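Asks:
Numbering (full-length UniProt numbering), first residue to last: 1 to 384.
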């Protein structure tokens, strides 16, 4: 059974690192204070720890303390600017508990971590990893399905025969597991842009997610949309765009819209008054048909696309939030709440004391408000 990350108990003496470890650069415990390149100096070690991090996610979910603590520790290793060559160096890093130090020492000695290899061979790990690739199947449902005997996607469809949303989704599943190249991401954006301009000209589109952080391939495609220098023009736009995509056959009528929320459009606005403070974003998660081009795509392929519409005054937080990575955003919110008394989310920045929105039209505005040094997107890869 895999070990869990632990921490030194309160009151216990803290092991003292050697002088060589102390001479190395300090590593901040929050990802928003450090650079996280891909690949990082300790990439092979991170690759060894990645299955253990994923195993905790599959067992406990991404929001449980057990999973978060391990993800945070791995993120610190990603942001360490030197190659870790000793247990003392590892022990000097923030968020690295004694059991993880042992694993790091094992990697230094052997070049691999046996527990990671063992986890990857577990049937439960393999099946949970497979099941959670299906939209609508989270870790809790996946574990229940496994306990009930599900081992394959055919088993899943038999077990969930009343979940018509999942059964419809399975038509697209194989295509949606393929990594999407940067060139194809840009092509999908261009197809979407043509339809955006037909609905309402003047929009600005920004590719976010892993693409914006410089990843060679993406799992899904995040497209943010706004109308520069205009607040309110975006209201109701997303539904009209999705309706047009469906009408044009670019999103299947039956099961192509995985979700559509219009929290941003439902905000209250009054003449000479700012929008209500509960604003967030309009979002649509869709399955997009990327038409064949006769060369690189010999047939139409299905791609998962997240369409997000943001009001211009809050464009900066929207881009920041949808760029990621997950750990970078989690640490940034923690810093904002504790030290800056600001509530940061992708729909805007709010003063925690007055509950007033703080305008931030660019990412750099966000960093200045949060008193952070600028970190470009390609150095925010704080997840494995």
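Backbone N, C-alpha and C fix where the C-beta goes; we use that ideal spot for every residue, glycine too. On a predicted model such as this, the values are computed, not experimentally measured, just so you know.
Does DSSP put residue 321 in a helix, in a strand, or in coil?
Replies: Helix, per DSSP.
Asks: For residue 359, which residues in the same chain have their Cβ closer than 6 Å to its Cβ, ignoring the five residues on either side in sequence?
Replies: Only 313 meet the Cβ criterion.
Asks: Does DSSP put residue 271 in a helix, a strand or coil?
Replies: A caution first: residue 271 carries a pLDDT of 35, below 50, which makes its placement in the model too unreliable to give a value.
Asks: So, helix, strand or coil for residue 180, using DSSP?
Replies: In this structure, residue 180 counts as strand in the three-state DSSP scheme.
Asks: Reducing DSSP to helix, strand and coil, say where residue 305 ends up.
Replies: Residue 305 falls in the strand class under three-state DSSP.
Asks: Is the region 136–154 touching the region 222–232, taking contact as three or more C-beta pairs under 8 Å?
Replies: Judged by Cβ distances under 8 Å, the region 136–154 makes no contact with the region 222–232, as fewer than three pairs qualify.
Asks: To the nearest angstrom, how far is the alpha carbon of residue 270 from that of residue 260?
Replies: With a pLDDT of 34 at residue 270, under the threshold of 50, the modelled position of that residue is not reliable, and the figure given next carries that caveat. Cα-Cα distance, rounded: 25 Å.
Asks: Using the rule of at least 16 other Cβ atoms within 10 Å of the residue's Cβ for burial, across every protein chain shown, is residue 256 buried or exposed?
Replies: That one is buried.
Asks: For residue 217, which of helix, strand or coil comes out of DSSP?
Replies: Of the three classes helix, strand and coil, the one that applies to residue 217 here is strand, per DSSP.
Asks: For residue 223, name the three-state secondary structure that DSSP assigns.
Replies: Three-state DSSP puts residue 223 in a strand.
Asks: Less than 8 Å between the beta carbons of residue 188 and residue 237, yes or no?
Replies: Contact flag unset, no.
Asks: Flag this pair as yes or no: are the beta carbons of residue 303 and residue 292 separated by less than 8 Å?
Replies: No, the Cβ-Cβ distance between residue 303 and residue 292 is not below 8 Å.
Asks: Mind the definition here: the region 347–357 touches the region 236–254 only if three or more C-beta pairs lie below 8 Å; say whether that holds.
Replies: Cβ pair count under 8 Å is below three, so no.
Asks: Could you have a look at residue 361 and say whether DSSP puts it in helix, strand or coil?
Replies: Three-state DSSP puts residue 361 in coil, outside helix and strand.
Asks: If you check the beta carbons only, do residue 287 and residue 221 fall under 8 Å apart?
Replies: No; because the gap between Cβ atoms is not below 8 Å, this pair is not in contact.
Asks: Does DSSP put residue 31 in a helix, a strand or coil?
Replies: The answer is helix: DSSP assigns residue 31 an H, G or I state.
Asks: I need the DSSP call for residue 173, collapsed to helix, strand or coil.
Replies: If DSSP states are grouped into helix, strand and coil, residue 173 belongs with the helices.
Asks: Taking 8 Å as the cut-off, decide whether the C-beta atoms of residue 51 and residue 116 are in contact.
Replies: Against a cut-off of 8 Å, the Cβ pair of residue 116 and residue 51 comes out as a contact.
Asks: What is the rounded straight-line gap between the Cα of residue 330 and the Cα of residue 177?
Replies: Rounded to whole angstroms, residue 330 to residue 177 spans 26 Å at the Cα level.
Asks: Could you name the residues that DSSP lists as bridge partners for residue 36?
Replies: Beta-bridge pairing links residue 36 to 380.
Asks: Between which residues of its own chain and residue 208 is the CB-CB distance below 7 Å, once the five residues before and five after are set aside?
Replies: Contacts found: 222, 224, 319, 322 and 323.
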